[in-house]
Amino acid sequence: MTEEQTPSFNERISRVSFRVAEHLETQKAGHAAEEANQVLQRVRAAVDEFSSLRSTISELDDGPIKLRSVNSRLATSIGKAKVTLRRTSTQLKDPEREVRGLLTSPSMNSAIVDTERLVGDRKGAIFAAFDGFKMKAQPEDLRAVRADGLEPLTLSIKVRKLQQAFNSSTPTSVGDIVLAVDRIQKAVSEWATLKAEVEAAQQRVPPVLQAFFERLNGPQGHVGWRDIKDEVRSWLDTGSNGNDYVVVRRDRFA
Amino acid sequence: MSSAKICWDWQELLGVTQIDAGAMRVGDPISDAAFLAVHQPVPIGRKTRNKTSLVDETALLQAFNQEWNLDEPLLVFVTGDVGSGKSHMVRWLKSSIGNRSDRHIVYVEKRNTSLTRVIEKVIEGLESASITRIRSALNDVSAEAQTLEQAKIRLLNELRVLVETDPSTSLVVRTADHSTVSLADQSLQSAREQARVLVGDLRLSEYLQRPGGPIERITRLAMPRSSESDDDVNENDVRLDESDLRVDLTQVEDLTAQATRTISLLANEQLRIAVAGVLDHYLPLAKARVFAGGTTDLLELFADVRREVEERGQELCLFIEDLVLLHGIDQQLAQALTVPAGPGLCRVRAAIAVTSGYLKNVDTFNDRGTEFTMDVATTSVELSGRRRFVANYLNVARLGRQALAEHIASSGERSTPVACIDCDVRPECHASFGATDDGIGYFPFNEHSIDQLVGAVSATNFRPREILRQVIRDGVQVADNELRTPGLFPSKQFGAHLDQTRSRVPVAIQQRLESLSPNFEQECSLRNFYSATPPSSTAKLEAVATFLGLKLTPLDDDIEGEVPDGQITPPVEITPPAIQKSVYERWFHETQGRLPAAEANKIRNWFFNQIYTRMSVGPYGHLITRSGNTMSVGALTISRDKNFVIERSMGGGGKTSTQGPVLEFEATGANALLFENIDRVESSAMDPDGDGSWYFEADRILSEFELDLAAAADALRVEMDVREHLTVLRLVSQLADPSAAPNFLNIGRMFQRPVTGGDQARSKFVTDTDKMRRRALEAIRLRFTQAQGAGASSLLDAGAIYADLLSTSKVRHIEEPGASEALRALREFHRSFSTASWNPIRATFQKVMQQVGAVDSFGDAWKEMSELIETAHQHGLLPHHDSKTRFEEALTMLSDQLESVWRFLVKHQSTEDLDELVWDIPPDSLAQLQLLEKLVTECVAILDHLEKLAARGDREGAEVSRSALSDSFLELADILDEVTRA
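Top to bottom, those sequences are chains A and B.
Heads up, the first sequence is in my numbering, so the first residue is 1 and it goes up one at a time.
Heads up, the second sequence is in my numbering, so the first residue is 1001 and it goes up one at a time.
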């Protein structure tokens, strides 16, 4: 067995020179591939986005929401983009065509950019349509009704829950929009059945207590001790009604 | 037989010479008796606006005691330097006026004084309601600030509060030299800020409080003083000045950034002065708050005191022994004292002792009162007065203070009895040592010794304290120790601080006395201090000596009988010297003085010349040559400046030689005398002194040195044979081509001094072996010239040793067995030269080898490397932006010799004994190797970097498949169809 000979200084320089030359060639090829890879990633991202949007758009179009249509200029651009994508797809199958040239052409770049703009446009259309639907769907009387003091307490909680369905903000994900639409439609329907019962309960709230709630919910947001009449005191002392109220000294009141 | 006996009690003398009046208690009958017994009237100066006139103490008494019907206060200031007797005079004033019922007397002593105590003194015996309240506040103060540590902290706190809260927008502060500095706006703000950090920062305030630091010093002086303390207070010690704020960084740790900044800012002297001025400005108030009770208002207090004294129908009579001690309340006190008397306010008269400089600081006192100064010229005090000053203390020491007090108490007299009256040796004692007119003996001094010693400590102004310390106390202490052994007093200890070398007895006489007198020390002391005409003896000096059991040595200058008064040597001229001394005597007497270069070189020259002559004719067998101030004795070279050394002399006497013996002369009286005689001979101006005995001493010194020199030269004598000498020359000369056949050209090189420079190891070898080479050369030369005379040798003479030359000209190293001592030494030099040459070369060589391994050709390597670097540079692949430049620069530094150096080292990389090879190392090898190492390091770093880069590139660059792209494009187009269709 012979010991491996350590290369001389001169040999090492030669070897590194060769490796550097190789490296430079590889580097050149690598740049082209990197560019192609970037294009591919953008295309795949657009495909994924549209796949997710496609079902949402379809479900919404079947329901109470109608999306605005794509504006004509973008529609024209998208038309061109489709042509470019299909043509390039065919050309890529020809090994004689240089990949880098195909991918870096202006028309190819426009096609991808327009596709990405369409993704943004459709997302915006969905959120705008949902906001419009929510505003229209909320019954005026549900918005106005005061849940404080309603008896029984469960009725008060139900009213607050229905009101909250309209007050919660728009979902951040397109995928959640369909569920949010369902929730609102359900609330509208529940309110229709609950409305009469709420009106009857409102009649039962004594006027002093009503006045107390009005001031409490008014612009001041608080009432003075003198406004705590016997009826109010009695209501506060009942069950857990008083749990949400505190007495604060004036000079500590922010 | 001595008649002398100790007629004093040492403890009594110590007690009565307590340095200050302030150290003797006021009101104590014993102290009072002693005080009056030692008091000696001396002239004092009365200061007016333009001049100072001499008056006696009664003038002071009159000035203070005069009828005074004005409302303005009567102020008398007794000023003077430290130790001039100010406090003594205030005390005398107090004892002179006695107790009068129309005066409320307040006496503020130095002893045991504090600020609190001063106020207590002022209100002592008074009982009004407000005074009772103040007394209570003072009790609180003394209850609060008892320990030094507490007081220091409180003082700093008060300072901090004052610095931080004072709203003043301008301040005029005083500096240590009594000048003033105005601070306003920015300067005041800056000074206050740094002052605040200084007293507020934890570490810095700890530093200010450190033992021995300024806050401790100031606090100690404001607190009650020890009763044993007998020193005056330096007025600067009660204040803060810029030197107190110089922070020693080695003594403070863990400083905050702010504190560090303050310290660096305080390096500026101007700022330091300003900050110290600010702190000093607040210091009195801070001290008053800490030590006198924050609530005590002295103006109010004095008003109360004066009201109560007025009610008693008295005037306030105030004595202050030292105003400096009142720093902190002095300004307030000054204001309080200067308030005119009026309805309900009594009159005030005050006598205040204070240094002149401090008085200027107390603004309110400026231009008020009468100033008497104790700073008077010694000559204004008569001789009899000076002698009496000393005698009074001796008298009290003989009587004893207790006996004195009892005598005064029983007799009712204020006059002091004379202790000598009952002494059985009084007649002969007084006849020999003298006495005052009323019979107080001067023993153990006589009038001349008192005059001499008092003159020495009071050269210009009369200095009572120094007389007490250095004349009476020191002199009597020596006598007290030595008189117990007959013939011992007065030894060299007597007056040692004042005239250690007995400057009135010339060295020549001292030398003679040393050899002739059995009591040399005592005789020198007597002739120096006790003689009317030093150094001559007189009949009276003989009587003093006889009384002490001594016998004087007859000298030519001695005087028979007594000296007329007019011829007595004036005493106060003890310094500067009474006798015109030569430079050599001054060199001996003045321990700080140096012998001037001219005289020192004259003496060195004389000895150098004498030695040269002696060595030249002496039977030593060495070649003696001389060049300028150097002399060669065989192989030994000595120089005038390095081998002849005179203590405390100019002109090179401080340097000592590393070669040959050194003749050293200490600064003794004998050497001074010797030099003086040499000088006389050299200058031919006068004959040498006396009987020429000095020359025998010089001859003895020269003979000893001559023998030492010859022995040292013998030790260096070359004892090798010619072949060995040639070996030395061969090895040292480093023949350029050791393998070449010896010829005259190469042999000639053996005799040349090798060139030094460049290679450090070679230069050191040449220097180390230079002496050896010269010795070898000299030996060869002596051989050529048959060692006769100093004739120059010639290369032609080499014929006699040609065979030896041939055989040694190829020597490259020294064999151990049989080598002489000198050759072994050379071998060691050679070894260390070889080690010093090889070690760095081999170390560098190995470093390069580790990096590059074998090298086929450096030339090819650099060529290929250059191309590689160029390519990598173009593509931005090099590790650093300047890698290419660094490589190219390093490459240009290499010489063409590198290949040969490298081959030489590769060839010998396994050779063990390299000593012989050291001659063959190609020149400049180490430098070339170091450059190579630098270049190779650069190359290897580039190669490593490129290798890594290339390997990483292998992993990249995988091509994206066309089909994946094609399929994705189609899929996207289809989806777009769907979306847009919807």
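Cβ coordinates follow ideal geometry from the N, Cα and C atoms, glycine included.
Model, not experiment: these values are computed from the prediction.
Are the CB atoms of residue i and residue j nearer to each other than 8 Å?
i, j, result
"B/VAL1354", "B/VAL1324", "yes"
"A/TRP235", "A/ASN243", "no"
"B/SER1084", "B/ASP1032", "no"
"B/TYR1393", "B/VAL1016", "yes"
"B/VAL1076", "B/ALA1063", "yes"
"B/LYS1540", "B/SER1449", "no"
"B/THR1219", "B/ALA1151", "yes"
"B/LYS1884", "B/HIS1873", "yes"
"B/GLY1439", "B/ASP1009", "no"
"B/PHE1588", "B/ALA1456", "no"
"B/ILE1215", "B/LEU1208", "yes"
"B/ARG1347", "B/GLU1311", "no"
How would you list, in chain order, the residues of chain B whose beta-carbon sits under 7 Å from the beta-carbon of residue i?
i, result
"A/THR115", "LEU1972 and LEU1976"
"A/ARG44", "SER1968"
"A/ARG12", "LEU1943"
"A/SER110", "Here the premise fails: no neighbours, minimum Cβ distance about 13 Å."
"A/THR88", "PHE1969"
"A/SER107", "Within chain B, no residue comes near A/SER107; the closest Cβ sits about 12 Å away, beyond 7 Å."
"A/ALA75", "THR1980"
"A/ILE271", "Examination of residue 271 of chain A is not possible in this model, given that chain A is present from 1 through 254 alone."
Please go through the same chain and pick out, in chain order, the residues whose beta-carbon is closer than 8 Å to the beta-carbon of residue i, but skip the five residues on each side of it.
i, result
"B/HIS1497", "GLN1470 and ASP1474"
Can you give the beta carbon distance from residue i to residue j, rounded, assuming they're within the 8 Å contact cut?
i, j, result
"B/LEU1301", "B/ILE1134", "6 Å"
"B/THR1262", "B/LEU1198", "6 Å"
"B/VAL1247", "B/LEU1266", "7 Å"
"B/GLU1514", "B/THR1553", "That pair is no contact at about 10 Å."
"B/GLU1947", "A/VAL16", "6 Å"
"B/THR1373", "B/GLY1045", "4 Å"
What residues in its chain sit with their C-beta under 6 Å from that of residue i, if we drop five residues either side in the sequence?
i, result
"A/VAL205", "GLY149"
"B/MET1893", "LEU1931"
"B/SER1627", "none"
"A/ARG250", "none"
"A/LEU216", "VAL223"
"B/VAL1940", "GLN1851"
"B/TRP1694", "LEU1674 and ASN1677"
Quick one: list the residues of chain A neighbouring residue i, beta-carbon separation under 7 Å, in chain order.
i, result
"B/GLY1853", "THR6, SER8 and PHE9"
"B/SER1857", "ASN10"
"B/MET1849", "In chain order: nothing, as chain A lies at least about 10 Å away."
"B/HIS1875", "LEU24"
"B/THR1871", "VAL20"
Could you name the residues of chain A that residue i contacts, counting a contact when the two beta carbons are closer than 9 Å?
i, result
"B/VAL1901", "Correct list: empty, because the minimum Cβ distance to chain A is about 16 Å."
"B/THR1165", "By Cβ distance, chain A contributes nothing, its closest Cβ being about 34 Å from B/THR1165, past 9 Å."
"B/GLU1864", "ASN10, ILE13, SER14 and SER17"
Please compile the residues from chain B whose C-beta is within a distance smaller than 8 Å of the C-beta of residue i.
i, result
"A/VAL127", "As written in the sequence, residue 127 of chain A is Phe, which differs from the Val given in the question. What A/PHE127 touches in chain B: nothing, since even the nearest Cβ is about 17 Å away."
For residue i, return the contacting residues in chain A, with the cut-off set at a CB-CB distance below 8 Å.
i, result
"B/VAL1252", "Within 8 Å Cβ-Cβ: nothing; B/VAL1252 doesn't reach chain A, min ~50 Å."
"B/ALA1861", "PHE9, ASN10 and ILE13"
Between residue i and the rest of its own chain, which residues show a CB-CB distance below 7 Å, the 5 nearest in sequence each way excluded?
i, result
"B/GLU1072", "PRO1340"
"B/GLN1493", "VAL1478"
"A/LEU142", "LEU162, GLN163 and TRP191"
"B/MET1849", "none"
For a contact defined as C-beta to C-beta under 9 Å, what are the partners of residue i on chain B?
i, result
"A/LYS93", "ARG1962, SER1963 and SER1966"
Should residue i be counted as a contact of the ligand PLP given a C-beta to heavy atom distance under 7 Å?
i, result
"B/SER1187", "With respect to the ligand PLP, the structure offers nothing, as it holds no ligand at all."
Stretch pair the stretch 1402–1415 of chain B + the stretch 1046–1059 of chain B: three plus CB contacts closer than 8 Å: Output reads no: the stretch 1046–1059 of chain B does not touch the stretch 1402–1415 of chain B.
contact_flag[the stretch 1242–1252 of chain B, the stretch 1338–1349 of chain B] where n(CB pairs < 8 Å) is 3 or more: Verdict: no, contact absent.
Contact the stretch 1615–1624 of chain B vs the stretch 1702–1710 of chain B: 3+ CB pairs below 8 Å: Touching, yes.
Segment contact flag, the stretch 36–56 of chain A with the stretch 114–123 of chain A, C-beta cutoff 8 Å, min 3 pairs: Touching, per the Cβ criterion.
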